[in-house]
Amino acid sequence: MEYFKSGLKSVLGTPQDSQQPTAAETVDKLVERVQTSTLLDDRRDACRALKALSTKFRLEIGAQAMDTLIHVLECDRNDNEILGYALDAIGNAINRPRDDENPNYINGGTDELGMQFTEIFIKKPENVSLLLELIEEFDFKVRWPIVRLLAGLLSHKPKDLQECILVSPQGISRLMDLLSDPREIIRNDTLILLEYLTKSNANIQKIVAFENGFDKLLRIISEEGYSDGGVIVGDCLRVMLTLLKNNTSNQTFFKEGTYIKHIAPFFDLQDPTEQGMNPQKVDNTLMMLQIVRTLVSPNNPQQVTVAAQKAMFQCGLLEQLCSILMASGVPADVLTETINTVAELIRGNHGNQEYFSSVNAPTTPPKSAIVVLLLSMGNDKQPFALRCSVLYCFQCFLYRNEFGQAQIVQTLLPSTADVNTVTVGQILCGSLFSTDAISNWFAAVALSHSLVDNPTQKEQLLRVQLATSMGNPAVSLMNQCVLMLQQGGKLQTRLGLLMLMSTWLANCTVSVMQFLSIPTNIPFLTSQVNLTEGDEHEDLVQGICAFLLGICIEFNDNSQPSFTKDDLCQLIIKRIGLETFLDKLVAITKNENYSRAAQNPHLKFKQPSEVLFDYEFCRLFKCLEGVIIKAVQPKPKLLNGPESSMSPEQQELLRQYKDVIRDQDQQLHDLKSQMTELKSEYEAVKNNAEEMANSIQQLKDQNALLKAQRSVSGNNSSQEVLLLKQEIEQLKMECVKKQEQLDSKNDDFFLKSTVESSEVGEAGDKAQTNQSSLELESIIKQHESEIASKNVEIEHLRSELTQQQEKIKAALETEESVKKLKEENAKLLEEQTSLEEQLTVIRKEQEDILIMLTDQSDKISEYKKRLRELGQQVEDDDDSINDESDELIDDYLSEIKDELEDGRTGADLEKLD
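According to the numbering used here, the sequence shown holds residues 37 to 949 in order.
In structure tokens, the structure reads:
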């Protein structure tokens, strides 16, 4: 011990000693003492000294003592004290020592020294397995350092540690058990560990969910007081968000496990004022709202989102969130996120959309929640993020909701106007023609969503009349929008109006004709597209003007004599130039703001200058861009000059060639249409195969879940096996059906292509002297090569289906083994029933024998009594004999009972008698 004290003094420094040993020398001596000492006390003292030095000399401890300390963990596992010292020393080397002023001991990728020591430690995966084995020790000074050490390792090298823990037997299960530890510090640090462990690893996320991870996290949240809880609730919510985000399997498991109803109490906000919601409560509420949005995100598969929306409506979660929307004093960031959450809860769900339309604000008189929200959207004094969330909520309300779209348009019509109430139409018109450019954009986009994929409402909107100044006649909404557009204004105002007009005119000939009836519209559009100078944003305006002009060409029925299709095409060629027109269109798709808006329907604008494009407009532009480019292309025409100089024989020959070419073109058109049809069918079959693969993967997950539940609850899985059997049979039938469809379509395809190719070949032979027929033959060969490539893709799909059938066959073999076990179980039950019947017969026989013996004993007693009454003296020998007979009877009865226990039959008892 004096040696260790002198060593520590030398490290810390003493003014009297002029020759002080360095830290490296001291660590080297302590390591040698740990390696060579035979007494446990000496090794323990050396490890204690190493732990003390590790707080200041991380480099020396990690470089010189790491292997020795790991060896201590392997060899001295029976002494918890030395294990604690060794674990603390390793943890301080990999993580910075925990400081009372800065308790965050996890440093992540900023600690280069810790990353290097982490690489050294995990170079041997058995070191991680050793920690997972030692973590079962309940002693605090062993378990807590291991949790800290694993969390630090995961923060430095998450992917490598995840693989090590994933392959370790029962590794994740042992970590999940730590959430039930009664010591809060271990439980809380385990939450940090799980956050790193589950990040970006779908397999670990599934295992954690199947290990009752959601149950344990929700239990901790409930114990801590839901949103009123502190940092621990936030840690639990972060782990839950990691488990659910981009993990369809866990989302389905969360919904089917009825966990959604357990998050409803989280939103019971009794005092939602800013004074009543401290920063931590606000953070917890925002985190839980993100979890809800993850379950109903538009990016999820449709069936997962619809199921979650239905479950949240049934448990009253949508009602709670709507109450928060209409409450007063809610913090702005909480209110914004709540509006976004409600938006995705009602998106595409007719039941939830109808409920939302019936929600009223607690005012006198009551106002619709939609009206209140739109008033906030049109108010430029409201936070920008809040206004964006209101627009997103309104868009989700109208998404695939034709009835809601009709309601909005009806509020714009004169017959529905009511001066005593504020309607949605009045709010939208007021914002559309206000002086705030952002309000103009919001109102234009909101109004365009009431027209998406709804030609009926586009025609109804043509009837809308707007009142102007006193004494002047009313003007139509289209005239007012065009007038405002031609007057110029800010960028957002013009973009919003152009997107509204594009959505209004697309796929609606009546609206196009109404637009062309205004004489100044086409000159304005051509002048805008023809501009050559301007910044990047002005190019966007010019591109959308070109897009609107193309819509007027594509959906033109030529009923307006001044602006027919041909006239507009010639106008583009002569006034603008076809290349310039196409460049303006292509410039839209190259813009970064367009690409960002086309990715997600959610409005993710960080500042007002980013408000340029809407998701639905981007989708419309993508659908019609190719159609418009094709519509404006010039149609080739044969000149009459060369034909006029031909002889009648040459003209007749030319006519024949034209007929041949026309027939070949028709055949090619038919072949292309058939290829398109077969391609669509191929895509459908491929999608079905992918859905089947997803279903099989879900069945595998459910099978793993059933196995985990069986290990806990026993062999009560007969019903789950039956359900799995039914699902496997259904998948097998679908595979056979899709295989038959593929075979039939493939045969038809080859038959038609062979016949048509031969016909085209014969027609080409008749026109060998014409250069155009040779070009047609090359086109036919090109299509035949495309047909061959599609055949290869079909064969590849067929091989994928064969693999799926093999997987189903393997699952069916598992089902047959289960069936055999059931048959053996039935046989054992029959044998048990027969044995119970035999035992019942034996018991009945023994009861009869006992009754007979009791009667005999009573008769003997009666005979003795009668002898005494007749004056006969009964000697003691008789009494002894009687006693002996009684003893014999008792022995006989006990023997019978023993025989019953031995399981002898009634025949054996008769022999014994």
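Ideal Cβ positions, reconstructed from N, Cα and C, are used throughout, including at glycine.
Since the model is a prediction, treat every value here as computed from it, not as a measurement.
According to DSSP, L502 shares a beta bridge with V511. Under DSSP, the beta-bridge partners assigned to N396 are S404. With contact defined as three or more Cβ pairs closer than 8 Å, the stretch 580 to 592 and the stretch 685 to 702 are not in contact. Under the DSSP assignment, P597 falls outside any alpha helix (DSSP H); it carries neither an H nor an E label.
If you draw a straight line from the Cα of L502 to the Cα of D706, it is about 50 Å long. Looking from the CA of F250, the closest CA among E495, P367 and C272 belongs to C272. For K526, the CB contacts under 6 Å within the same chain, skipping 5 residues up- and downstream, are A473 in chain order. Looking at the backbone, the Cα of T154 and that of H298 are separated by about 39 Å. A contact between stretches requires three or more CB pairs, one per stretch, nearer than 8 Å, and the stretch 433 to 450 fails this requirement with the stretch 394 to 402.
In this structure, S90 keeps its C-beta atom at 7 Å or more from the C-beta atom of A122.
In the structure shown, P491 adopts helical secondary structure according to DSSP, grouped into three states.
Linking P337 to L561 through their CA atoms gives a straight-line distance of about 41 Å. Inclusion of L381 and Q345 in the CB contact set at 7 Å is warranted, their separation being smaller than that value.
The criterion of a C-beta distance shorter than 7 Å is not satisfied by V340 and Q418. Of the other Cβ atoms in all chains shown, fewer than 16 fall within 10 Å of the Cβ of P218; this residue is therefore exposed.
Setting aside the 5 residues that flank it on each side, Y232 is surrounded in the same chain by A187, L190, S191 and P194, each with a C-beta closer than 7 Å to its C-beta; the list follows chain order. In this structure, F657 and I612 do not form a Cβ contact; the two beta carbons are roughly 19 Å apart against a cut-off of 8 Å. Annotation for N629: the continuous alpha helix (DSSP H) segment containing it runs E628 to A633. For A245, same chain residues with a beta-carbon under 7 Å away, outside a window of 5 residues either side, are L279, N286 and F289 in chain order.
Contact annotation: the stretch 368 to 383 touches the stretch 351 to 358, with at least three C-beta pairs closer than 8 Å. Look at M324 here: in three-state DSSP terms it is helix. T890 and A862 have their C-alpha atoms spaced approximately 42 Å apart. Looking at V178, I221 and N239, the one whose alpha-carbon comes closest to that of I208 is N239. Here R383 carries a coil assignment [DSSP, helix/strand/coil]. Nearest C-alpha to D319 among I887, D369, C465 and A99: D369.
Distance from the Cα of F174 is smallest, within the candidate group N116, I228, V203 and Q710, for N116. Cα atoms of T545 and D593: separation of roughly 7 Å, rounded to the nearest angstrom. Comparing alpha-carbon positions, the option among L497, L105 and M535 lying closest to R84 turns out to be L105.
A Cβ-Cβ distance of about 7 Å is found for the pair L576 and L648, placing them in contact under the 8 Å criterion. The alpha-carbon of I256 is positioned some 7 Å away from that of V269. Using a C-beta cut-off of 8 Å, the stretch 463 to 471 makes no contact with the stretch 628 to 636, since fewer than three inter-stretch Cβ pairs fall below that distance.
In the structure shown, P181 falls within a helical segment according to DSSP collapsed to helix, strand and coil.
When DSSP states are grouped into helix, strand and coil, I118 belongs to the helix group. For G249, the enclosing alpha helix (DSSP H) begins and ends at G249 to E260.
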